[in-house]
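> At position 6 of the sequence shown the residue is numbered 6 (UniProt numbering), and the sequence of numbers has no breaks.
Quick reminder that beta carbons are idealized off the backbone N, C-alpha and C, glycines included.
Keep in mind it's a predicted model, so treat the numbers as computed, not measured.
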Amino acid sequence: MSVAKSQVIDKEKVLKNKMIAQIKREISTMKLIKHPNVIRMFEVMASKTKIYFVLEFVTGGELFDKISSNGRLKEDEARKYFQQLINAVDYCHSRGVYHRDLKPENLLLDANGALKVSDFGLSALPQQVREDGLLHTTCGTPNYVAPEVINNKGYDGAKADLWSCGVILFVLMAGYLPFEDSNLTSLYKKIFKAEFTCPPWFSASAKKLIKRILDPNPATRITFAEVIENEWFKKGYKAPKFENADVSLDDVDAIFDDSGESKNLVVERREEGLKTPVTMNAFELISTSQGLNLGSLFEKQMGLVKRKTRFTSKSSANEIVTKIEAAAAPMGFDVKTNNYKMKLTGEKSGRKGQLAVATEVFQVAPSLYMVEMRKSGGDTLEFHKFYKNLTTGLKDIVWKTIDEEKEEGTDGGGTNGAMANRTIAKQST
Numbered sequence: 001m002s003v004a005k006s007q008v009i010d011k012e013k014v015l016k017n018k019m020i021a022q023i024k025r026e027i028s029t030m031k032l033i034k035h036p037n038v039i040r041m042f043e044v045m046a047s048k049t050k051i052y053f054v055l056e057f058v059t060g061g062e063l064f065d066k067i068s069s070n071g072r073l074k075e076d077e078a079r080k081y082f083q084q085l086i087n088a089v090d091y092c093h094s095r096g097v098y099h100r101d102l103k104p105e106n107l108l109l110d111a112n113g114a115l116k117v118s119d120f121g122l123s124a125l126p127q128q129v130r131e132d133g134l135l136h137t138t139c140g141t142p143n144y145v146a147p148e149v150i151n152n153k154g155y156d157g158a159k160a161d162l163w164s165c166g167v168i169l170f171v172l173m174a175g176y177l178p179f180e181d182s183n184l185t186s187l188y189k190k191i192f193k194a195e196f197t198c199p200p201w202f203s204a205s206a207k208k209l210i211k212r213i214l215d216p217n218p219a220t221r222i223t224f225a226e227v228i229e230n231e232w233f234k235k236g237y238k239a240p241k242f243e244n245a246d247v248s249l250d251d252v253d254a255i256f257d258d259s260g261e262s263k264n265l266v267v268e269r270r271e272e273g274l275k276t277p278v279t280m281n282a283f284e285l286i287s288t289s290q291g292l293n294l295g296s297l298f299e300k301q302m303g304l305v306k307r308k309t310r311f312t313s314k315s316s317a318n319e320i321v322t323k324i325e326a327a328a329a330p331m332g333f334d335v336k337t338n339n340y341k342m343k344l345t346g347e348k349s350g351r352k353g354q355l356a357v358a359t360e361v362f363q364v365a366p367s368l369y370m371v372e373m374r375k376s377g378g379d380t381l382e383f384h385k386f387y388k389n390l391t392t393g394l395k396d397i398v399w400k401t402i403d404e405e406k407e408e409g410t411d412g413g414g415t416n417g418a419m420a421n422r423t424i425a426k427q428s429t
């Protein structure tokens with residue numbers, strides 16, 4: 001288990017909305033949750049303006065990748081993951097924590113293939129529950145969102161999460177979404193009416209359960225308790241084993257202590273008038289590493305990156321920027337540079353419009369730089385194709401990919417943790 005992933009929320013918004021008590025309550029609850037199928041929250045740290053959550057990092061990748069490579073899962077395998085999902089979500093609900101953005105991309109796998117639900121509780125932190133006890137902010141990915149959430153008239157968080165679980169089960173077994181349309185209005189209409197058809201390979205009992213979960217009326221929708229008692233669900237069910245460990249909540253109060261005396265206070269970088277790359281502090285390195293082993297300065301890598309990726313280089317920052325500009329231009333990308341931040345925009349429109357890539361060079365050591373590239377627009381698959389082609393054009397500073405490292409038999413961060421698209425740059429000669 002690696003603690004090398006974080007999430008960040010804006011402290012100013014918390015203070016502005018007078019939500020300190022709620023935030024502390026939510027964080028305390030999340031730290032106490034120790035379900036084997038839920039990503040653990042280990043620590044909370046803060047700067048003057050940000051709150052950082054240090055989370056468990058798992059190395060088996062996303063469940064989404066398993067679906068992408070296999071097309072769909074066999075019913076027994078889909079049921080196993082669904083059982084783990086339902087048990088984890090129901091456990092968190094019993095402690096007053098809701099997800100509201102459940103989708104395959106938020107379902108991770110550990111090294112043993114066990115499901116791990118990520119982002120639990122954090123999505124609801126900046127929101128408020130009104131006096132009627134209902135959540136009132138629409139969030140989540142449209143295809144997985146319950147109709148009452150889209151209506152934005154208030155909804156029961158547990159029932160909305162269950163709907164998303166039903167969509168996930170359908171996707172696991174079918175290999176495609178039950179509700180899909182290129183037109184957002186048409187998509188919403190299908191969701192409101194629960195217009196979907198189960199493929200013929202679904203068993204009769206699976207079809208029946210899915211239809212009860214994807215009931216557009218939350219009042220008549222099946223409950224978590226009823227799902228757990230369902231015969232299809234119970235087949236081969238294994239109850240999770242819980243670990244017992246002491247949890248400190250001292251850092252929860254410390255995140256709003258700006259006196260500078262707290263060990264959980266992170267000193268922020270200053271970016272005004274930059275003439276050199278931003279120097280990352282230690283926590284920011286962990287925050288952006290997504291599994292990099294900082295003890296070996298990025299030599300070991302694990303996990304999967306979907307919408308952003310990075311490489312390190314011992315070339316100078318100016319040389320890195322110049323080479324990226326030179327490599328991107330022939331690929332049909334317009335490059336705009338501001339200090340050590342760059343925006344690369346494709347001249348041609350792709351599947352989801354123009355591909356846009358935000359790029360920034362950070363200094364992580366006196367002679368070591370990290371280049372982060374993040375998709376800010378366009379299609380994710382096109383982004384990864386672009387990244388692969390770009391790093392090929394930067395071969396004079398790119399040392400090797402993790403796949404190459406694995407082929408040579410070196411330790412790439414664990415058998416289940418290799419990344420296909422993250423690279424380490426060699427020292428310039």
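Buried or exposed: Lys116, going by 16 or more other Cβ atoms within 10 Å of its Cβ?
Buried, because 16 or more other Cβ atoms sit within 10 Å of the Cβ of Lys116.
> Using 8 Å as the Cβ pair cut-off and three pairs as the minimum, do the segment 65-76 and the segment 172-185 touch?
Yes, since at least three Cβ pairs between the segment 65-76 and the segment 172-185 fall closer than 8 Å, the two stretches touch.
> Here's the rule I'm using: 16 or more other beta-carbon atoms within 10 Å means buried, otherwise exposed. How should Asp396 be labelled?
It counts as exposed.
> Counting Cβ pairs, one atom from each stretch, are 3 or more of them under 8 Å apart for the segment 358-371 and the segment 309-321?
Taking 8 Å as the limit for Cβ pairs, the verdict is that the segment 309-321 does touch the segment 358-371.
> Along the chain, where does the beta strand (DSSP E) containing residue 432 start, and where does it finish?
Any answer about residue 432 is impossible in this case: the structure gives the chain only from 1 up to 429.
> For the alpha helix (DSSP H) holding Ile191, just list the boundary residues, first then last.
Run containing Ile191: Leu184 to Lys193, per the alpha helix (DSSP H) assignment.
> Do three or more CB pairs link the segment 218-238 to the segment 145-162 at distances below 8 Å?
Output reads yes: the segment 145-162 touches the segment 218-238.
> Using 10 angstroms around the beta-carbon of Thr322, count the other beta-carbons present and answer buried if the total reaches 16, otherwise exposed.
By the neighbour-count rule (16 or more Cβ atoms within 10 Å), Thr322 is not buried but exposed.
> So does the segment 71-82 actually touch the segment 213-220, counting three or more Cβ pairs closer than 8 Å?
The segment 71-82, when compared against the segment 213-220, does not touch it at the 8 Å Cβ threshold.
> Would Met331 and Val357 be called neighbours here (beta carbons separated by less than 7 Å)?
No, the pair does not count as a contact, with Cβ atoms beyond the cut-off.
> Are the beta-carbon atoms of Pro147 and Ile210 separated by less than 7 Å?
For Pro147 and Ile210, no; Cβs fall outside 7 Å.
> Since Leu109 and Val58 should fall inside the 8 Å C-beta cutoff, what is the C-beta to C-beta distance between them, to a whole number of angstroms?
Contact holds; Cβ gap of about 7 Å.
> Please classify Thr391 as buried or exposed, where buried requires at least 16 other C-beta atoms within 10 Å of its C-beta.
The residue is buried, with at least 16 neighbouring Cβ atoms inside 10 Å.
> Nearest by alpha-carbon distance to Asn318: which of Ser367, Gln354, Lys352 and Thr345 is it?
Of Ser367, Gln354, Lys352 and Thr345, the residue nearest in Cα terms is Ser367.
> Going by the beta-carbon positions, is the gap between His93 and Ala158 smaller than 7 Å?
Yes, the pair counts as a contact, with Cβ atoms nearer than the cut-off.
> Excluding the five sequence neighbours on either side, which residues of its own chain have a C-beta within less than 6 Å of the C-beta of Ser376, listed in chain order?
Counting only Cβ-Cβ distances below 6 Å, and skipping sequence neighbours, we find Ala356 and Ala358.
> Rounded to whole angstroms, what is the Cα-Cα separation between Lys48 and Lys208?
Those two C-alpha atoms are separated by around 52 Å.
> Give the list of continuous beta strand (DSSP E) stretches no shorter than 3 residues that lie fully inside the segment 307-333.
Whole beta strand (DSSP E) segments, 3+ residues: 308-313.
> With DSSP as the reference, label Ser118 as helix, strand or coil.
Ser118 falls in the coil class under three-state DSSP.
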